[in-house]
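*Asks:* Just dropping this structure here.
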Amino acid sequence: GKSTLAQMVTIQTALRFDESVLVVSAEMDVETFTNRSISALTSIPYDNIHNAELYDGMLKDFAEAQHKFSKLKIHIEDKQKPTIAEIHSYARKARRKYKKLGCIVVDYLQLVRDPSKKDRYQEVSSISRDLKALAKEFNCPVIALAQLNRESEKGKRPKASDLKESGQIEQDADQIILVHPINGEDELPTGVTEIIVAKNRHGKRGVTRVKDRLDICRFVAIVEGGVL
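With the numbering used here, letter number 38 in the sequence shown gets 242, and the count goes up by one each step, no holes.
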């Protein structure tokens with residue numbers, strides 16, 4: 205769910221606000237990210253796009269969305285296990301391309317490397333601090349996805365302290381947003397996910413519930429009597 209949420213933020217930042225976004229995608233390649241984005245824009249199931257099964261007007265909708273996506277100011281780098289130095293280089297490259305960066309998305313923090321550190325805890329802590337510095341250098345938000353370390357507490361609502369491999373992430377972050385799929389609550393429909401603002405240095409914390417439509421790579425609002 206965390207990649208889906210970050211992808212939605214990326215699309216909305218570029219589409220609604222006409223801001224440029226650098227996506228450092230260590231987990232999926234450019235084609236996958238693009239096709240997932242087109243699925244979200246068109247509501248064509250991702251499986252149909254991935255398997256090239258487009259029919260009943262889907263092909264036209266896909267082509268139009270593909271053209272629209274290509275015009276958005278989204279720069280994607282998909283190297284596996286990039287170093288923090290490479291991320292700085294990608295950011296400079298994107299800034300030259302667009303003149304200004306509106307947002308940087310890193311998917312995800314634990315896949316980034318810092319070869320100067322031998323201990324994994326120190327490495328993740330150093331990367332967290334460097335991403336904080338990156339936000340200041342480029343004067344834009346850095347959204348760093350991260351894994352949670354909570355295998356022994358499956359089913360429980362996650363906390364900011366569950367961030368994997370380093371408490372430095374919790375300390376450095378201005379905001380921490382946790383994605384928590386809810387399972388096993390009889391009064392709720394299937395596919396409900398909690399979006400938890402666990403830390404907000406400049407505002408309120410809180411929880412909202414959304415419907416996950418992972419088949420079309422997005423979340424949708426829950427309204428009385430159904431979904432929006």
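Glycine is no exception: its CB is placed at the ideal position from the N, C-alpha and C atoms.
Would you call the stretch 287-295 and the stretch 231-239 in contact, with 3 or more CB pairs under 8 Å?
*Replies:* Under the 8 Å Cβ criterion, the stretch 287-295 does not count as touching the stretch 231-239, having fewer than three qualifying pairs.
*Asks:* How about Leu305 and Leu226: do their beta carbons lie closer than 8 Å?
*Replies:* yes
*Asks:* To the nearest angstrom, how far is it from the Cα of Arg417 to the Cα of Gly395?
*Replies:* Just so you know, the alpha carbons of Arg417 and Gly395 end up roughly 8 Å apart.
*Asks:* If you reduce the DSSP assignment to three classes, tell me which class Thr246 lands in.
*Replies:* helix
*Asks:* In chain order, what residues of the same chain lie with their CB nearer than 7 Å to the CB of Leu219, ignoring the 5 residues before and after it?
*Replies:* Leu276
*Asks:* Given this structure, state the Cα-to-Cα distance separating Leu349 from Lys303, to the nearest angstrom.
*Replies:* 25 Å
*Asks:* Exposed or buried, which one is Asp376 when buried takes at least 16 other CB atoms within 10 Å?
*Replies:* Buried is the call here.
*Asks:* In the DSSP assignment, the alpha helix (DSSP H) including Val328 goes from what residue to what residue?
*Replies:* Arg324 to Phe342
*Asks:* How about Ile420 and Ala256: do their beta carbons lie closer than 8 Å?
*Replies:* Against a cut-off of 8 Å, the Cβ pair of Ala256 and Ile420 comes out as no contact.
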